[in-house]
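What follows is a single structure, written as structure tokens, with notes after it.
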Amino acid sequence: MKPDSATEIVRELRSRGHEAYLVGGCVRDMVMAIEPADYDIATSARPEEIVEIFPRTESIGAQFGVILVIYRGHRFEVATFRSDEAYVDGRRPTGVVFTDAKQDVLRRDFTINGLLYDPISKEVIDYVGGQADIQAKLVRAIGDPHDRFEEDKLRILRAVRFGARLGYQIEPRTWQAVAAMAPRIHQVSSERIREEVCRILTEGRAARGFRLMEESGLRREIFPEVEWTGHIEASLRFLKPGALADFAMGVLLHHTALSSATTIVERLKFSRAEMHHILALIGNLPQFSRVRQMSVAEIKRFFRLNRFEDHVELARIHLMAAGKDLSDVNYVLGRLAAWTDKDIYPEPLITGDDLIAIGFPPGPVFKEILTIVEDAQLEGRLRNRSEALDFVKGRYGRA
0 MKPDSATEIV
10 RELRSRGHEA
20 YLVGGCVRDM
30 VMAIEPADYD
40 IATSARPEEI
50 VEIFPRTESI
60 GAQFGVILVI
70 YRGHRFEVAT
80 FRSDEAYVDG
90 RRPTGVVFTD
100 AKQDVLRRDF
110 TINGLLYDPI
120 SKEVIDYVGG
130 QADIQAKLVR
140 AIGDPHDRFE
150 EDKLRILRAV
160 RFGARLGYQI
170 EPRTWQAVAA
180 MAPRIHQVSS
190 ERIREEVCRI
200 LTEGRAARGF
210 RLMEESGLRR
220 EIFPEVEWTG
230 HIEASLRFLK
240 PGALADFAMG
250 VLLHHTALSS
260 ATTIVERLKF
270 SRAEMHHILA
280 LIGNLPQFSR
290 VRQMSVAEIK
300 RFFRLNRFED
310 HVELARIHLM
320 AAGKDLSDVN
330 YVLGRLAAWT
340 DKDIYPEPLI
350 TGDDLIAIGF
360 PPGPVFKEIL
370 TIVEDAQLEG
380 RLRNRSEALD
390 FVKGRYGRA
């Protein structure tokens with residue numbers, strides 16, 4: 000098991016004369032009786048000593064004292080106790096000074112993430128009042144919040160994420176710093192902002208997260224094109240934890256003009272596939288209100304949209320947030336249940352080669368003819384190749 004492996008790493012480091020503890024979010028989660036997803040380890044061992052002790056390692060930030068240890072099939076970040084030198088770019092220190100456990104904790108972001116745990120003695124070591132803040136359900140910066148946020152501007156947004164995800168209040172001085180420094184979030188790369196925003200959207204309590212972003216001014220800085228409305232807030236309440244990031248972004252942006260949504264997803268540097276899906280969700284949402292007026296062929300083509308279940312879920316969320324009935328969604332689900340994949344994606348009755356064989360020269364008309372034939376096939380008016388060829392000859396004649 001992963002926690003047992005983490006304990007074994009701590010034991011091994013101590014057997015070589017080093018201090019070692021579990022640290023950070025995993026300790027917070029254990030104090031909250033939540034099973035951690037990952038276990039990080041802090042130690043007095045230097046990076047070169049960590050590499051010497053463990054046979055399988057990767058250097059992911061040795062200049063900052065961080066080594067990835069692969070142990071019993073699991074991956075653990077093992078970091079040397081350190082304090083940070085000056086932050087010039089508002090993201091990472093210019094260098095680090097290897098130090099002791101207490102100084103290592105004091106450089107971290109929030110008290111709830113500043114706990115150490117001794118898995119041998121089962122003791123929590125708390126230099127910053129993190130246990131009390133967990134009990135009080137508070138997100139509090141370690142030391143001066145302006146200093147912590149000045150070091151890494153992404154912490155401004157991380158305060159909101161932890162407040163939302165854990166259902167905690169943000170301690171007043173920390174909150175004042177979040178609001179005061181919100182305009183400086185632009186010093187953070189688009190990629191890091193995107194990752195943090197997507198975590199706010201997908202880790203649970205997305206509506207609370209964006210309410211905090213609205214009240215702090217972060218929403219206006221990151222999403223100036225998005226009008227914060229009761230409908231969007233209600234929509235985010237229906238967003239399930241663990242949703243894929245592109246779907247979650249579609250929920251956030253579904254009331255935003257397509258041109259503005261395009262600007263946002265390009266600015267946040269989503270992948271091409273994610274951008275396509277987000278914009279498809281927004282662009283196709285109105286189709287649900289006219290689905291009863293569509294022909295059978297149009298409906299079946301509508302159902303071919305990539306990850307169509309996301310389109311259905313967005314329509315459901317949109318209608319529930321608006322307090323409307325789900326009859327359009329239920330109609331779509333009923334149609335889907337009545338058809339097999341073969342009904343929606345039938346093998347073509349004819350191809351361009353067949354059109355050439357009966358005398359049509361290749362050209363733009365091919366697409367028109369094949370689309371009309373497929374429409375008739377989808378609607379059950381043409382059932383085989385012979386009927387399709389007769390239909391084309393009767394409608395277009397021979398070339």
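Position one of the sequence shown corresponds to residue 0 (numbering that gives the first Met the number 0), numbered consecutively onward. Ideal placement from N, C-alpha and C gives every residue a C-beta, glycine not left out.
DSSP-derived helix/strand/coil call for residue i
i    : result
S82  : strand
D151 : coil
R107 : coil
R74  : strand
I69  : strand
I349 : coil
Y330 : helix
A32  : coil
F53  : coil
E202 : coil
S126 : Inspection of the sequence shows that residue 126 is occupied by Tyr rather than by Ser. Reduced to three states, the DSSP call for Y126 is coil.
Y116 : strand
L137 : strand
Counted within 10 angstroms of its Cβ, other Cβ atoms place residue i as buried (16 or more) or exposed
i    : result
T339 : exposed
Q376 : buried
G249 : buried
G241 : exposed
A272 : exposed
R27  : buried
K152 : buried
G162 : buried
A19  : buried
I33  : exposed
E7   : exposed
R417 : Past the edges of the chain, shown from 0 to 398, lies residue 417, and the structure says nothing about it.
First and last residue of the uninterrupted beta strand (DSSP E) at residue i
i    : result
V225 : No beta strand (DSSP E) contains V225, which DSSP labels as neither H nor E.
Y167 : No beta strand (DSSP E) holds Y167; DSSP gives it neither H nor E.
V22  : A19 to V22
D39  : D39 to T42
L318 : Note, L318: premise wrong, no beta strand (DSSP E); alpha helix (DSSP H) at F307 to A320.
D99  : Here D99 belongs to no beta strand (DSSP E), and DSSP marks it neither H nor E.
Start and end residues, alpha helix (DSSP H) containing residue i
i    : result
G379 : Unbroken run through G379: none, as it is neither H nor E.
E57  : Unbroken run through E57 is the beta strand (DSSP E), T56 to G60; no alpha helix (DSSP H).
V9   : K1 to S14
I231 : G229 to R236
Rounded C-alpha distance that separates residue i from residue j
i    : j    : result
G129 : A44  : 25 Å
L156 : H185 : 11 Å
G203 : G379 : 45 Å
Q134 : V30  : 9 Å
R210 : G322 : 20 Å
R164 : H276 : 25 Å
Y38  : P347 : 53 Å
P285 : R71  : 51 Å
V335 : L12  : With the sequence shown as reference, residue 335 is identified as Leu, and Val is not the correct amino acid for it. Each residue's Cα considered, the two are about 58 Å apart.
A41  : E149 : 24 Å
Own chain residues within Cβ distance below 8 Å of residue i, not counting five before or after
i    : result
E220 : A181, P182, I184 and H185
T350 : L369
R160 : E195, R198, I199, E202 and G208
T98  : F80, R81 and S82
H145 : A176, A179 and M180
R218 : F209, M212, V225 and W227
Own chain, CB closer than 7 Å to residue i, minus 5 neighbours either side, in chain order
i    : result
L137 : Y167, Q168 and E170
I141 : L105, R107, D108, F109, T110, G113, V127 and R147
E190 : K268
A206 : E232, L235 and R236
D117 : Y20 and I124
Own chain partners of residue i with C-beta closer than 6 Å, once the 5 adjacent residues on each side are dropped
i   : result
I69 : R55
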